[in-house]
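Chemist: Residue numbers (UniProt numbering): 1 to 674. Ideal Cβ positions, reconstructed from N, Cα and C, are used throughout, including at glycine.
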DNA sequence: TATAGGACCC
């Protein structure tokens with residue numbers, strides 16, 4: 001049998017890897033190998049075990065059993081199984097395999113590979129004790145000088161948040177090489193010390209694509225998306241080879257920034273360089289397009305993908321829900337079930353959000369209960385929050401409260417937040433007080449809870465209490481996050497904060513803001529001076545001219561983008577009511593499409609209307625009045641300009657009686673994604 | 001066989 005050692009892979013093994021997709025086919029090959037006695041060869045046996053373990057992670061039991069079918073399994077066979085298990089839902093099993101390896105007596109001893117995989121298991125489990133034990137074994141067996149083991153240990157400690165330990169391993173390496181340096185760069189970035197990671201990266205005498213990718217994904221994961229893109233540009237300038245991993249990180253950064261141009265460029269690059277669109281890369285593309293507001297393109301990518309997994313489906317469904325297309329999201333779920341792709345927890349978050357934006361309470365309930373019954377998935381906080389939102393938004397406040405009280409886990413701030421928001425919409429002061437008290441108990445610095453509560457008091461003209469809330473906030477040092485908007489112009493990302501005057505073109509921006517203000521006035525717009533909406537950003541306004549970050553960004557978009565090019569803005573907070581109204585009017589008077597992504601959804605403004613419909617009121621920290629007036633007394637959208645004037649009238653005269661209309665009246669303004 | 005390894009909800 002020794003001749004098998006001379007060839008890279010036995011043809012039968014190649015068969016397992018390439019064409020065996022079903023258990024039945026693998027069984028056939030397996031039987032063949034058993035009958036012919038080929039499995040008695042330890043080398044071939046190891047190849048067989050390894051190929052099943054790594055290519056078919058869902059058949060781990062099968063490959064584990066196959067390990068026993070050779071009396072002298074090699075350490076390679078053990079290592080492959082340990083590796084496969086470290087990535088599985090039950091990583092502990094790799095420890096059992098390690099014990100088995102130690103007990104198997106004769107030739108196989110753990111080697112450096114064994115430990116690089118065991119270390120991954122520890123990182124997966126976040127088990128400090130196991131980590132220390134594994135590190136001790138590494139020392140005992142003398143592998144502490146192996147660069148791969150070293151970098152594995154660095155990775156392990158970083159994953160556990162023990163950067164000090166990672167550092168210690170690193171410092172003991174006399175001459176760190178590319179691999180260990182890269183591991184340390186990753187460790188620093190993962191622990192949030194991305195600046196330090198960069199310093200280390202810059203000090204590296206040589207850098208390969210892996211090192212560059214580590215740095216880019218480090219920035220992307222720390223939320224420093226702009227730096228990630230800068231790094232990517234630098235990487236290109238240096239002529240470093242760009243691969244799939246690079247592009248996934250880049251697309252992820254684009255998603256966070258809403259940098260559609262850069263994302264499109266990356267997509268075109270993939271096409272130009274004929275890079276294979278794998279499931280991961282395709283999913284990253286879908287996510288990018290959806291989060292940049294181009295849901296049509298996201299779906300185009302989705303339909304074009306041959307292979308789709310649960311990530312792909314969840315991503316597309318989440319994108320549809322986020323863009324207000326709840327019915328389409330549910331349709332997609334039906335299709336997903338038809339294709340027999342098993343949903344996971346994340347899929348259900350998308351489904352429930354879809355139900356929420358479409359106002360489908362019963363359907364949402366049905367899906368929520370089917371999670372456990374049909375799919376054995378335990379609901380997590382997000383799902384409970386979605387359910388409270390589902391009941392609350394249509395005014396079924398008691399059911400929402402009931403739902404919270406019956407939660408098998410301690411209700412989190414998000415669940416109470418959804419209720420509080422519903423109380424604001426439906427003017428339930430008493431329940432609103434309860435909800436906000438609960439939130440503050442859980443998160444004493446949750447500014448959203450204070451803002452919403454004060455809005456509820458303001459609705460009932462209880463000004464004393466409004467100022468009480470404001471005082472409490474001051475006393476407790478609760479501050480609102482500064483609003484910040486970004487806009488991409490010619491592939492460059494510009495960032496504006498409230499009252500920002502730092503931009504080099506601020507002079508032009510200011511002139512544009514004044515012009516906008518004038519044109520708004522002449523179109524009949526009355527500036528939002530209603531005391532009803534207590535908006536903390538109000539305090540930060542510097543003059544009569546609205547200085548909210550998205551307005552500055554819009555003004556900049558108007559002066560710097562060609563006519564007809566949609567203005568795309570990404571905001572870190574929710575858009576406020578006034579900006580929402582104003583943006584719609586700007587879209588009309590400047591005949592410009594404006595797309596704003598706020599904290600968790602999209603607003604597509606066109607010809608004076610916004611696509612968000614009722615979805616404007618979503619969870620915590622929102623200004624939910626608009627949708628109620630949006631469709632007032634009509635089956636179809638009013639022009640924004642009318643709405644604003646109407647709203648002004650209504651709000652001035654009848655603050656307490658703005659009606660929330662049944663969701664059935666909401667007509668989609670958007671086109672269908674397909 | 002290993003270092004980067006990424007995508008869906010947060």
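What's the gap between the Cα of residue 145 and the Cα of residue 597?
Modeler: In the first chain, residue 145 corresponds to position 145, counting from 1. In the first chain, residue 597 corresponds to position 597, counting from 1. Roughly 50 Å between the two C-alpha positions.
Chemist: So within the region 137-202, which uninterrupted alpha helix (DSSP H) runs reach at least 4 residues, ignoring any that extend past its ends?
Modeler: Those alpha helix (DSSP H) runs which fall completely within the region 137-202 and span 4+ residues are 147-159, 163-171, 178-190.
Chemist: I believe residue 131 touches residue 156 by the beta-carbon criterion, under 8 Å. Please report the beta-carbon distance rounded to the nearest angstrom.
Modeler: Position 131 of the first chain, counted from the start, is the residue given in the question as residue 131. Position 156 of the first chain, counted from the start, is the residue given in the question as residue 156. 6 Å between Cβ atoms; contact.
Chemist: Would you give the residue range spanned by the alpha helix (DSSP H) that residue 327 belongs to?
Modeler: Translated into positions along the first chain, residue 327 becomes position 327. First-last of the alpha helix (DSSP H) with residue 327: 326-338.
Chemist: Have a look at 566, 174, 197 and flag the residue whose alpha-carbon is nearest the alpha-carbon of residue 185.
Modeler: What you label residue 185 is simply residue 185 of the first chain in a count that begins at 1. Comparing Cα positions, the closest option is 197.
Chemist: Considering only the beta carbon of each residue, do residue 559 and residue 508 sit closer than 8 Å?
Modeler: On the first chain, position 559 is the one that residue 559 refers to. On the first chain, position 508 is the one that residue 508 refers to. In contact: residue 559 and residue 508 (Cβ atoms closer than 8 Å).
Chemist: Does the separation of the CB atoms of residue 283 and residue 315 fall below 8 Å?
Modeler: The sequence position of residue 283 within the first chain is 283, counting from 1. The sequence position of residue 315 within the first chain is 315, counting from 1. Taking 8 Å as the Cβ cut-off, residue 283 and residue 315 qualify as a contacting pair.
Chemist: Can you tell which of 226, 259, 212, 349 has the C-alpha that lies nearest to the C-alpha of residue 237?
Modeler: For the purposes of this step, residue 237 is taken as the residue at position 237 of the first chain. The option with the nearest alpha carbon to residue 237 is 212.
Chemist: Measuring only the C-alpha atoms, how far is residue 299 from residue 292?
Modeler: On the first chain, residue 299 is found 299 positions in, with the first residue counted as 1. On the first chain, residue 292 is found 292 positions in, with the first residue counted as 1. So the alpha carbons of these two residues sit roughly 13 Å apart.
Chemist: Report yes if the C-beta of residue 275 is less than 7 Å from at least one heavy atom of the ligand MN; otherwise report no.
Modeler: As for the ligand MN, it is missing from this structure, which has no ligand bound.
Chemist: Can you give me the C-alpha to C-alpha distance between residue 56 and residue 48, rounded to a whole angstrom?
Modeler: Locating residue 56 in the first chain gives position 56, counting from the first residue. Locating residue 48 in the first chain gives position 48, counting from the first residue. Whole-angstrom Cα-Cα distance: 12 Å.
Chemist: Over what stretch of residues does the beta strand (DSSP E) that includes residue 604 continue unbroken?
Modeler: By one-based count along the first chain, residue 604 stands at place 604. It spans 602-606 - the beta strand (DSSP E) in which residue 604 sits, taken as one unbroken run.
Chemist: Would you give the residue range spanned by the alpha helix (DSSP H) that residue 355 belongs to?
Modeler: Here residue 355 corresponds to residue number 355 of the first chain, with the count starting at 1. It spans 345-358 - the alpha helix (DSSP H) in which residue 355 sits, taken as one unbroken run.
Chemist: How big is the Cα-Cα spacing for residue 659 and residue 565?
Modeler: On the first chain, position 659 is the one that residue 659 refers to. On the first chain, position 565 is the one that residue 565 refers to. Its pLDDT being 24, under 50, residue 659 is placed unreliably in this model, and the coordinates cannot settle the point.
Chemist: Residues bridged to residue 571 by DSSP?
Modeler: Here the question's residue 571 lines up with position 571 in the first chain. The partner list for residue 571 (beta bridge, DSSP) reads 485.
Chemist: Please work out which residues of its chain come closer than 8 Å, Cβ to Cβ, to residue 54, disregarding the five sequence neighbours upstream and downstream, and give them in chain order.
Modeler: Your numbering for residue 54 matches position 54 in the first chain. Answer for residue 54: 80, 83, 84, listed in chain order.
Chemist: Quick one, are the C-beta atoms of residue 685 and residue 218 less than 8 Å apart?
Modeler: The structure shown has nothing for residue 685, since the chain only spans 1 to 674.
Chemist: Between the C-alpha atoms of residue 179 and residue 147, what's the straight-line distance to the nearest angstrom?
Modeler: Along the first chain, read from residue 1 onward, the residue named residue 179 stands at position 179. Along the first chain, read from residue 1 onward, the residue named residue 147 stands at position 147. Whole-angstrom Cα-Cα distance: 7 Å.
Chemist: Which residues does DSSP pair with residue 594 in a beta bridge?
Modeler: For the purposes of this step, residue 594 is identified with residue 594 of the first chain, where counting begins at 1. Answer is 567, 605, bridged to residue 594.
Chemist: Within the chosen definition, does the region 82-101 reach the region 112-127 through at least 3 CB pairs nearer than 8 Å?
Modeler: Touching, per the Cβ criterion.
Chemist: Please classify residue 629: is it buried, with 16 or more other beta-carbons within 10 angstroms of its beta-carbon, or exposed?
Modeler: Position 629 of the first chain, counted from the start, is the residue given in the question as residue 629. Unreliable placement is indicated for residue 629, whose pLDDT of 28 sits below 50; the coordinate value is still reported in the next sentence. Buried: at least 16 other Cβ atoms inside 10 Å.
Chemist: Give a yes or no on contact between the region 366-383 and the region 391-402, applying the rule of three or more CB pairs nearer than 8 Å.
Modeler: Taking 8 Å as the limit for Cβ pairs, the verdict is that the region 391-402 does not touch the region 366-383.
Chemist: With distance defined between alpha-carbon atoms, name the residue in 548, 268, 44, 150 nearest to residue 173.
Modeler: Mapped onto the first chain, residue 173 falls at position 173. Nearest of 548, 268, 44, 150 to residue 173, Cα basis: 150.
Chemist: From the DSSP output, in three-state form, read off residue 610 for me.
Modeler: As a working mapping, residue 610 is identified with position 610 in the first chain. The answer is strand: DSSP assigns residue 610 an E or B state.
Chemist: Assign residue 675 to one of two classes, buried (16 or more other C-beta atoms within 10 Å of its C-beta) or exposed (fewer than that).
Modeler: For residue 675 there is no data in the structure shown, the boundaries of the chain being 1 and 674.
Chemist: Which term fits residue 52, buried or exposed, when burial requires 16 or more other beta carbons within 10 angstroms of its beta carbon?
Modeler: On the first chain, residue 52 is found 52 positions in, with the first residue counted as 1. With 16 or more Cβ atoms within 10 Å of its Cβ, residue 52 is classed as buried.
Chemist: Given this structure, state the Cα-to-Cα distance separating residue 662 from residue 441, to the nearest angstrom.
Modeler: Position 662 of the first chain, counting from 1, holds the residue named residue 662. Position 441 of the first chain, counting from 1, holds the residue named residue 441. Here residue 662 scores only 22 on pLDDT, less than 50, and its place in the model should not be relied on; the value that follows carries that caveat. About 33 Å.
Chemist: Any idea what DSSP makes of residue 495, helix, strand or coil?
Modeler: The count along the first chain starts at 1 and reaches residue 495 at position 495. Reduced to three states, the DSSP call for residue 495 is strand.
Chemist: Return the Cβ separation of residue 678 and residue 439 in integer angstroms, given the expectation that the two are a contact with Cβ distance under 8 Å.
Modeler: The structure shown does not extend to residue 678, since the chain spans only 1 to 674, so no value can be given for it.
Chemist: Measure the alpha-carbon distance for residue 461 versus residue 390 and round it to whole angstroms.
Modeler: Sequence index remark: in the first chain, residue 461 carries index 461 (1-based). Sequence index remark: in the first chain, residue 390 carries index 390 (1-based). For residue 461 and residue 390, the distance between alpha carbons rounds to 28 Å.
Chemist: Can you check the region 449-482 for any alpha helix (DSSP H) of at least 4 residues that lies completely inside it and give the ranges in chain order?
Modeler: The qualifying runs are 463-476.
Chemist: Give me the Cβ distance between residue 286 and residue 301, rounded to the nearest whole Å; I'm assuming they're in contact under 8 Å.
Modeler: To locate residue 286, count along the first chain from 1; it is residue 286. To locate residue 301, count along the first chain from 1; it is residue 301. Sure, about 5 Å apart at Cβ, within 8 Å.
Chemist: In the structure shown, what three-state DSSP assignment does residue 122 receive?
Modeler: What you label residue 122 is simply residue 122 of the first chain in a count that begins at 1. Note: residue 122 maps to helix in three-state DSSP.
Chemist: Please look up how many angstroms separate the CB atoms of residue 585 and residue 557, rounded, as I've assumed it's under 8 Å.
Modeler: Locating residue 585 in the first chain gives position 585, counting from the first residue. Locating residue 557 in the first chain gives position 557, counting from the first residue. Wrong, their Cβ atoms sit about 15 Å apart, outside the cutoff.
Chemist: Would you kindly work out how many angstroms separate the C-alpha atoms of residue 611 and residue 340, rounded to a whole number?
Modeler: Numbered from 1 along the first chain, position 611 holds the residue referred to as residue 611. Numbered from 1 along the first chain, position 340 holds the residue referred to as residue 340. Residue 611 and residue 340: Cα-Cα distance of roughly 33 Å.
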